[in-house]
Amino acid sequence: MRAQLFLGIFLALMAVHAQAQSPNTFAFNGTVNSIDGSNLSVTSEEGGAPEILRLGTHWVVLKNMPASLADIKANDFIASAAVRKADGKLHSTELRIFPDAMRGLGEGQRPMNDTQNQTMTNATVSGAAIVNGSNVIKVKFQGGESELILDPGVPVTAILPADPSLVKAGAKVRVQGAKTAEGAVVSRITLR
Numbered sequence: 332m333r334a335q336l337f338l339g340i341f342l343a344l345m346a347v348h349a350q351a352q353s354p355n356t357f358a359f360n361g362t363v364n365s366i367d368g369s370n371l372s373v374t375s376e377e378g379g380a381p382e383i384l385r386l387g388t389h390w391v392v393l394k395n396m397p398a399s400l401a402d403i404k405a406n407d408f409i410a411s412a413a414v415r416k417a418d419g420k421l422h423s424t425e426l427r428i429f430p431d432a433m434r435g436l437g438e439g440q441r442p443m444n445d446t447q448n449q450t451m452t453n454a455t456v457s458g459a460a461i462v463n464g465s466n467v468i469k470v471k472f473q474g475g476e477s478e479l480i481l482d483p484g485v486p487v488t489a490i491l492p493a494d495p496s497l498v499k500a501g502a503k504v505r506v507q508g509a510k511t512a513e514g515a516v517v518s519r520i521t522l523r
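Each residue of the sequence shown is one higher than the one before, starting from 332 at the first, in the working numbering.
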């Protein structure tokens with residue numbers, strides 16, 4: 332059963348990664364109104380009428396759990412938004428520890444499309460050291476390697492698989508998926 336859950340998560344996340352290249356993707360935060368075998372009704376935090384979304388074939392449910400710098404280990408696959416500071420180094424603004432089922436998702440280092448001029452790094456941790464009170468995380472990704480500085484207080488989150496039964500009326504969620512000719516299709520629901 333656990334192997335099937337991770338296989339399902341892996342397949343869905345690969346689909347999400349492929350969709351991330353498409354302008355037809357969507358992601359928003361909201362509150363679940365209802366869920367049945369094939370549809371999800373969610374009201375966006377932005378307000379407006381509830382949206383009825385179709386559940387994809389391999390939709391997954393994840394939850395974000397608070398973690399700490401001490402939870403980051405060699406060989407973990409992580410994602411970190413970072414900004415280059417005056418010292419010329421990338422300083423993490425947040426870091427997420429992915430489950431093994433998400434290893435390789437979005438691997439690499441690239442600029443983010445935001446006003447803070449951040450960089451996103453999805454990579455495998457190859458080492459860490461404390462330097463002047465900050466953690467310096469060394470990471471490797473296909474085609475390169477980098478260092479990320481995690482100053483004290485940087486939020487660290489572990490992403491874990493969650494039971495789909497937790498998606499019910501009243502649950503606060505982040506919904507992600509793609510817009511298709513048949514309507515919006517959900518591939519990932521993250522409990523918040």
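Quick reminder that beta carbons are idealized off the backbone N, C-alpha and C, glycines included.
In the DSSP assignment, find the beta strand (DSSP E) that holds residue i and state where it starts and stops.
| i | result |
| --- | --- |
| Ala-459 | 450 to 462 |
| Phe-429 | Neither: Phe-429 is in no beta strand (DSSP E) and is coded neither H nor E. |
| Arg-441 | 439 to 442 |
According to DSSP, residue i sits in a beta bridge with which residue or residues?
| i | result |
| --- | --- |
| Arg-519 | Val-391, Gln-507 |
| Ile-409 | Ile-428, Ala-454 |
| Gly-501 | Note: Gly-501 sits in no beta bridge, so no partner. |
| Ala-398 | Val-487 |
| Arg-415 | Leu-421 |
| Thr-446 | Beta-bridge pairing links Thr-446 to no other residue. |
| Asn-364 | Paired residues: none, contrary to the question. |
| Gly-514 | Thr-511 |
Between the options, which has its C-alpha nearest residue i's C-alpha?
| i | options | result |
| --- | --- | --- |
| Asn-406 | Ala-509, Ala-454, Ser-369 | Ala-454 |
| Lys-416 | Arg-441, Asn-448, Trp-390, Arg-434 | Asn-448 |
| Gly-379 | Lys-394, Thr-362, Asp-445 | Thr-362 |
| Asp-445 | Ile-468, Ala-413, Ala-509 | Ala-413 |
| Phe-472 | Asn-466, Glu-438, Ser-365 | Glu-438 |
| Met-443 | Asp-494, Ile-428, Ala-410 | Ala-410 |
| Glu-376 | Asn-355, Leu-400, Arg-519, Ala-502 | Ala-502 |
| Lys-404 | Ser-496, Asp-494, Ile-468 | Ile-468 |
| Asp-482 | Thr-424, Leu-491, Val-456 | Thr-424 |
| Val-456 | Gly-464, Thr-450, Glu-476 | Glu-476 |
| Pro-495 | Thr-488, Ile-480, Ser-518 | Ser-518 |
| Ala-509 | Trp-390, Lys-394, Ser-365 | Trp-390 |
| Leu-497 | Arg-441, Asp-367, Val-392 | Val-392 |
| Gln-507 | Val-373, Asn-364, Ser-399, Asp-367 | Val-373 |
| Thr-521 | Leu-436, Ser-399, Leu-491 | Leu-491 |
| Ser-365 | Asn-355, Ile-383, Thr-356, Ile-428 | Ile-383 |
| Val-470 | Gly-484, Pro-486, Gln-440 | Gln-440 |
Report buried or exposed for residue i, applying the criterion of at least 16 other Cβ atoms within 10 angstroms of its Cβ.
| i | result |
| --- | --- |
| Gln-352 | Because Gln-352 carries a pLDDT of 45, less than 50, the predicted location of this residue cannot be relied on, and the following value inherits that uncertainty. Looking at its Cβ environment, which holds fewer than 16 other Cβ atoms inside 10 Å, Gln-352 is exposed. |
| Val-462 | exposed |
| Gly-474 | exposed |
| Ala-358 | exposed |
| Gly-387 | buried |
| Met-433 | buried |
| Asn-355 | exposed |
| Asn-466 | buried |
| Thr-450 | buried |
Counting only runs of 3+ residues fully inside the stretch 367 to 395, write out the beta strand (DSSP E) ranges in chain order.
-> Runs found: 370 to 375.
Start-end ranges of the beta strand (DSSP E) lying completely within the stretch 458 to 499, minimum 3 residues = 465 to 472, 475 to 481, 487 to 492
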